[in-house]
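J.:
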Amino acid sequence: MAAPERTERDITGLLNMAGHVLSNRLSAALADVGLTPRMQCVLVHALEEERTQIQLAALADLDKTTMVSTVDELERRGLAERRPSATDRRARIIAVTEKGRLAAEEGQRIVDRVHASALGGLPGESRAAFVEALGALAGVTRDPGPQPIRRARGR
17 MAAPERTERD ITGLLNMAGH VLSNRLSAAL ADVGLTPRMQ CVLVHALEEE
67 RTQIQLAALA DLDKTTMVST VDELERRGLA ERRPSATDRR ARIIAVTEKG
117 RLAAEEGQRI VDRVHASALG GLPGESRAAF VEALGALAGV TRDPGPQPIR
167 RARGR
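Quick note, my numbering runs 16 ahead of the 1-based positions in the sequence shown.
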């Protein structure tokens, strides 16, 4: 019995492999400065404007448990702290400390470097088209901003 003939290239497999390689590079590069991609993502979104932990979790696509442990680690390292909101006494926001702002800036330089290096393997004229095509495949019309690395469940 023969396997069915493939009529299209397995882009799912290719995207998964490319994503895995890039995620590993990014994790290793950020680890050199004591950050994880999740921490970097939360720091950058928290610096954009005053946001609650729930708002940050939604932006970063993190579940509640992961978000709590990420913020706990940011607090432990002195990079962020939970504070009462200036606009809603019942809400607590995640405020980035000066040390956290400096870490996020360094982290962003690393993220940009890793992404530029990945795109560097493509001819210059193809880079923008490639990024636009990835956006179209992902169904996004603009850069969604920093996103954490998501691990497959059960690993």
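Glycine included, each C-beta is placed from N, C-alpha and C at the ideal position.
List the DSSP bridge partners of ALA111.
T.: ALA111 pairs with GLU97.
J.: With DSSP as the reference, label THR68 as helix, strand or coil.
T.: In this structure, THR68 counts as strand in the three-state DSSP scheme.
J.: Which term fits ARG171, buried or exposed, when burial requires 16 or more other beta carbons within 10 angstroms of its beta carbon?
T.: Because ARG171 sits at a pLDDT of 43, beneath the cut-off of 50, its placement in the model cannot be relied upon, and the following sentence gives the value as read from the coordinates. Under this definition ARG171 is an exposed residue.
J.: Kindly indicate which three-state DSSP category ARG171 falls into: helix, strand or coil?
T.: Unreliable positioning characterises ARG171 in this predicted model, as indicated by a pLDDT of 43, which lies under 50. The coordinate reading is nonetheless provided below. Coil.
J.: Which whole-angstrom value describes the C-beta separation of LEU90 and VAL58, a residue pair presumed to lie in contact below a C-beta threshold of 8 Å?
T.: Sure, about 7 Å apart at Cβ, within 8 Å.
J.: If I measure Cβ to Cβ from LEU84 and keep anything under 8 Å in the same chain, skipping five residues before and after, which residues do I get?
T.: According to the sequence provided, residue 84 is Val. The question's Leu does not apply to it. Answer for VAL84: GLN69, listed in chain order.
J.: Between GLY140 and ARG22, what straight-line distance do the alpha-carbon atoms span, to the nearest angstrom?
T.: One C-alpha to the other measures close to 31 Å.
J.: Straight-line CA distance for LEU78 to MET17?
T.: Looking at the two C-alpha atoms, the distance is approximately 44 Å.
J.: Report back the beta-carbon spacing between LEU135 and ARG143 to the nearest angstrom; my notes put them in contact at under 8 Å.
T.: Going by Cβ atoms, the distance from LEU135 to ARG143 rounds to 5 Å, so yes, they are a contact pair.
J.: For GLU64, collect the residues of the same chain with a Cβ closer than 7 Å to its Cβ; drop the 5 residues on either side in sequence, then sort them by chain order.
T.: Answer for GLU64: no residue qualifies.
J.: Can you tell me the Cα-Cα spacing of ALA102 and ALA120, whole angstroms?
T.: Cα to Cα, ALA102 sits roughly 23 Å from ALA120.
J.: Can you tell me where the alpha helix (DSSP H) with GLU89 in it begins and where it stops?
T.: Run containing GLU89: 80-92, per the alpha helix (DSSP H) assignment.
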